[in-house]
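For reference, the structure discussed in these notes is given below.
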Amino acid sequence: MNTSKKIKSALISVYDKTGLEDIVKTLHANNVTIYSTGGTQAFIEGMNIPVERVEDLTDFPEILGGRVKTLHPKIFGGILNRRNLAEDQAQIAQFNIPEIDLVIVDLYPFEATVASGASHQDIIEKIDIGGISLIRAAAKNYADVVIVPSQAQYASLLELLIAQNGATTLEQRQTFSGDAFHVSSHYDTQIFNYFNKGERKIFKESVQTAHVLRYGENPHQNGVFYGDLDSMFDKLHGKELSYNNLLDVDAAVNLMADFQQDEPTFAILKHNNACGLASRPTLKEAYAAALAGDPVSAFGGILIANKTVDLATAELVNDLFCEVIIAPGYNNDAFELLQSKKNRVILVQKQPSLPEKQFRTILNGVLVQDKDLITENATHLTPVTTKLATAQEIDDLLFANKLVKHTKSNTIVLAKNKQLLASGTGQTSRVDALSQAIHKAKSFNFDLTGAVMASDAFFPFPDCVEIAHNEGINTVIQPGGSIKDTLSIDYCNENNMAMVFTGNRHFKH
46 MNTSKKIKSA LISVYDKTGL EDIVKTLHAN NVTIYSTGGT QAFIEGMNIP VERVEDLTDF
106 PEILGGRVKT LHPKIFGGIL NRRNLAEDQA QIAQFNIPEI DLVIVDLYPF EATVASGASH
166 QDIIEKIDIG GISLIRAAAK NYADVVIVPS QAQYASLLEL LIAQNGATTL EQRQTFSGDA
226 FHVSSHYDTQ IFNYFNKGER KIFKESVQTA HVLRYGENPH QNGVFYGDLD SMFDKLHGKE
286 LSYNNLLDVD AAVNLMADFQ QDEPTFAILK HNNACGLASR PTLKEAYAAA LAGDPVSAFG
346 GILIANKTVD LATAELVNDL FCEVIIAPGY NNDAFELLQS KKNRVILVQK QPSLPEKQFR
406 TILNGVLVQD KDLITENATH LTPVTTKLAT AQEIDDLLFA NKLVKHTKSN TIVLAKNKQL
466 LASGTGQTSR VDALSQAIHK AKSFNFDLTG AVMASDAFFP FPDCVEIAHN EGINTVIQPG
526 GSIKDTLSID YCNENNMAMV FTGNRHFKH
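Counting in the numbering used here, the sequence shown runs from 46 upward without gaps.
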């Protein structure tokens with residue numbers, strides 16, 4: 046059966062006229078009758094191409110400041126009539142309704158208006174009514190009508206118009222229809238989420254950009270990233286990011302966000318956890334200290350810095366095999382050196398607004414929570430022991446506490462002089478996490494005397510502070526909140542240790 050249909054008439058109603066000119070010229074060359082309204086009509090007339098005014102067709106003017114233009118039976122009857130149904134054809138003939146074979150729409154920019162910080166009234170005025178109705182009507186009747194719901198489909202339409210002399214097949218119209226329902230669904234989701242302030246416990250998310258990955262977490266799993274990486278990074282060099290790369294990059298970006306205002310800081314991550322982190326007067330020194338924290342795990346890791354990478358730092362980094370390096374910028378000579386490794390991914394981090402909600406699939410549903418955006422400073426600390434931490438120890442406590450927030454639970458972090466000495470990550474008990482951290486620090490010949498200890502959750506027993514004290518660690522930061530807090534406090538007081546509470550647990554699973 047021949048499903049090819051020649052486009053004889055088109056309705057064009059767009060907010061942004063960008064990219065429309067070549068389509069209008071091609072339609073005109075194919076003797077297509079064009080209907081339009083308002084600014085789009087004026088745009089086409091400015092091209093000296095004939096255009097029929099919608100208000101002449103409907104015998105009804107635009108009203109309510111342009112809120113009502115195309116919402117009329119002569120428009121929607123022209124779109125929705127079924128060409129192979131005699132009853133429909135009789136009715137459109139009775140009411141003198143012309144068939145409309147192509148609808149081109151570009152909706153009011155609701156999402157961009159919200160993102161711009163516009164007033165509530167301006168945002169309301171950017172909720173498209175006529176456009177979204179045209180999209181749904183034309184998409185429903187794809188058997189006879191082509192719907193172009195956004196500028197993203199302009200190139201495909203133009204290609205078909207030229208290659209097929211203004212005709213389309215059923216399969217092509219169905220593809221446009223699917224795109225149209227995606228556009229309308231995404232648009233409505235953004236409107237709903239704007240109005241939903243949390244009182245409606247309904248989960249709706251819509252992401253328009255997809256990047257197919259080589260595979261998922263393992264080669265036998267498919268993987269796709271939904272999101273706009275180009276708004277996050279400028280990729281200067283290297284291979285495509287993998288699924289596991291992206292998980293590590295996400296962990297790195299979240300970690301370094303808590304050090305953006307600090308002195309030069311460098312972090313090295315592996316499997317979503319930091320294996321090296323240090324702050325120093327220069328980025329070169331910070332990298333060297335971070336690498337010293339665990340030079341074994343650093344192999345194949347993700348590197349991130351909070352300052353522009355200079356040549357001196359790049360010369361050290363270049364000796365390490367790393368998958369990805371992220372920084373706010375690179376000096377030219379540093380970049381030239383770093384790109385000498387063909388597959389090394391070099392990213393410049395931008396500063397887009399990031400979501401404040403997190404969600405993950407579990408069982409047959411989705412878990413949603415607020416992102417952990419609390420970053421403690423000195424004013425959040427409550428001393429609970431007789432001995433008080435010194436100013437330098439407080440700096441180290443805050444440094445370690447930032448890291449503990451971004452490390453898989455259960456976790457203990459040991460730090461000294463703003464350097465990660467070791468961490469125990471993802472352990473089933475806090476004692477195991479501390480034992481892992483101590484063992485690791487000693488394996489790299491760190492002296493734990495004078496180090497500080499940070500915990501992501503409270504100590505229900507004094508065992509951890511006792512183990513730490515026996516290793517020369519005498520300053521502790523933890524959330525507090527156990528009904529047995531006094532056991533750890535008493536041990537610290539009896540052994541001349543300083544401990545502070547933050548009041549905030551930082552589980553990460």
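Glycine included, every Cβ here is placed at the ideal spot set by N, Cα and C. The structure presented is a predicted model; accordingly, all values stated were derived computationally and were not measured.
Tell me where the beta strand (DSSP E) around Tyr536 begins and ends. Position 491 of the sequence shown, counted from the first residue, corresponds to residue 536. No beta strand (DSSP E) holds Tyr536; the alpha helix (DSSP H) holding it covers 530-539.
Endpoints, the beta strand (DSSP E) within which Ser468 is located: Locating residue 468 in the sequence shown gives position 423, counting from the first residue. First-last of the beta strand (DSSP E) with Ser468: 465-469.
Where Glu368 falls: helix, strand or coil (DSSP): Walking along the sequence shown from the start, residue 368 turns up at place 323. Strand, per DSSP.
Taking just the CA atoms, how far does His425 sit from Asp440? Looking up residue 440 in the sequence shown gives position 395. Looking up residue 425 in the sequence shown gives position 380. Cα-Cα distance, rounded: 13 Å.
List the DSSP bridge partners of Tyr80. Taking the sequence shown and counting its residues from 1, one reaches residue 80 at position 35. Answer by DSSP bridge pairing, in chain order: Leu56, Glu97.
Taking the alpha-carbon positions, what's the Val43 to Asn317 distance? The chain is shown from 46 up to 554; residue 43 falls before or after that span and cannot be answered.
How far does the alpha helix (DSSP H) with Asn446 in it extend, from its first residue to its last? On the sequence shown, position 401 is the one that residue 446 refers to. Element bounds for Asn446: 436-450.
Where His554 falls: helix, strand or coil (DSSP): The sequence position of residue 554 within the sequence shown is 509, counting from 1. His554 falls in the coil class under three-state DSSP.
If you follow the alpha helix (DSSP H) that Ala557 is in, where does it begin and where does it stop? Missing from the structure shown is residue 557; the chain here goes from 46 to 554 and no further.
Going along the chain, which unbroken runs of the alpha helix (DSSP H) with 4 or more residues stay wholly within the region 286-325? 288-302
Taking Gln219 as the reference, which of Ser229, Gln235, Val193 has the closest Cα? On the sequence shown, position 174 is the one that residue 219 refers to. By alpha-carbon distance to Gln219, the top candidate from Ser229, Gln235, Val193 is Val193.
Asn351 to Leu328 span [Cα, whole Å]: The residue you call residue 351 lines up with position 306 of the sequence shown. The residue you call residue 328 lines up with position 283 of the sequence shown. So the two alpha carbons sit approximately 9 Å from each other.
Ignore the nearest five residues each way along the sequence and tell me which others in Asp293's own chain have a CB closer than 8 Å to its CB. Sequence index remark: in the sequence shown, residue 293 carries index 248 (1-based). Taken in chain order, the residues that qualify are Leu314, Lys315, His316, Asn317, Gly346, Ile347, Glu368, Val369.
Assigned secondary structure, Ser164 (DSSP; H/G/I helix, E/B strand, else coil): Looking up residue 164 in the sequence shown gives position 119. Note: Ser164 maps to coil in three-state DSSP.
Are the beta-carbon atoms belonging to Ile57 and Thr103 less than 7 Å from one another? As a working mapping, residue 57 is identified with position 12 in the sequence shown. As a working mapping, residue 103 is identified with position 58 in the sequence shown. No, these two residues do not count as a Cβ contact at 7 Å.
If the criterion is Cβ atoms closer than 7 Å, does the pair Glu470 and Asp303 meet it? Looking up residue 470 in the sequence shown gives position 425. Looking up residue 303 in the sequence shown gives position 258. First, the amino acid is wrong: residue 470 is Thr here, not Glu. No, they are not a contact pair.
From which residue to which residue does the beta strand (DSSP E) around Lys402 run? Along the sequence shown, read from residue 1 onward, the residue named residue 402 stands at position 357. Note, Lys402: beta strand (DSSP E), 402-407.
Where does the unbroken alpha helix (DSSP H) through Thr520 begin, and where does it stop? Your numbering for residue 520 matches position 475 in the sequence shown. Careful: Thr520 lies outside any alpha helix (DSSP H), inside the beta strand (DSSP E) at 520-523.
Terminal residues of the alpha helix (DSSP H) in which Val354 lies: Residue numbering aside, residue 354 sits at position 309 when the sequence shown is read from its first letter. No alpha helix (DSSP H) holds Val354; DSSP gives it neither H nor E.
Using the Cα positions of Met542 and Leu412, report the straight-line distance between them to the nearest angstrom. Working through the sequence shown from its first residue, we reach residue 542 at position 497. Working through the sequence shown from its first residue, we reach residue 412 at position 367. If I take the Cα positions, the gap works out to 40 Å.
Can you round the beta-carbon distance between Leu206 and Asn93 to whole angstroms, since I take them to be within the 8 Å contact cut? One-based indexing of the sequence shown puts residue 206 at position 161. One-based indexing of the sequence shown puts residue 93 at position 48. The Cβ separation is near 20 Å, so there is no contact.
Which residue marks the beginning of the alpha helix (DSSP H) containing Asp601, and which one marks its end? The structure shown does not extend to residue 601, since the chain is modelled only from 46 to 554, so the question has no answer here.
Please classify Ser49: is it buried, with 16 or more other beta-carbons within 10 angstroms of its beta-carbon, or exposed? Mapped onto the sequence shown, residue 49 falls at position 4. Flag for Ser49 reads exposed.
Tell me the DSSP bridge mates of Met542? As a first step, residue 542 must be located in the sequence shown, where it is residue number 497. In DSSP, Met542 forms no bridge with anything.
Answer yes or no: do Lys553 and Ser480 have a C-beta to C-beta separation smaller than 7 Å? Translated into the one-based positions of the sequence shown, residue 553 becomes position 508. Translated into the one-based positions of the sequence shown, residue 480 becomes position 435. Taking 7 Å as the Cβ cut-off, Lys553 and Ser480 do not qualify as a contacting pair.
Could you check the C-alpha separation between Arg475 and Phe380 for me, to the nearest Å? What you label residue 475 is simply residue 430 of the sequence shown in a count that begins at 1. What you label residue 380 is simply residue 335 of the sequence shown in a count that begins at 1. The straight-line gap from Cα to Cα measures roughly 42 Å.
Here's a check: name, in chain order, each residue in its chain whose Cβ is nearer than 6 Å to the Cβ of Leu375, leaving out the five neighbours to either side. To locate residue 375, count along the sequence shown from 1; it is residue 330. Strictly speaking, residue 375 in this sequence is Tyr, with Leu absent from that position. Cβ within range, chain order: Val354.
Report the rounded CA-to-CA distance for Leu459 versus Gly268, giving the unit in angstroms. As a first step, residue 459 must be located in the sequence shown, where it is residue number 414. As a first step, residue 268 must be located in the sequence shown, where it is residue number 223. Going by the C-alpha atoms only, they are around 36 Å apart.
As assigned by DSSP and simplified to three states, the class of Lys498: Against the sequence shown, residue 498 aligns to sequence position 453. The question names Lys, but residue 498 is Met in the sequence shown. Strand.
Which term fits His514, buried or exposed, when burial requires 16 or more other beta carbons within 10 angstroms of its beta carbon? Counting from one through the sequence shown, the residue named residue 514 turns up at place 469. By the 10 Å Cβ count, His514 comes out buried.
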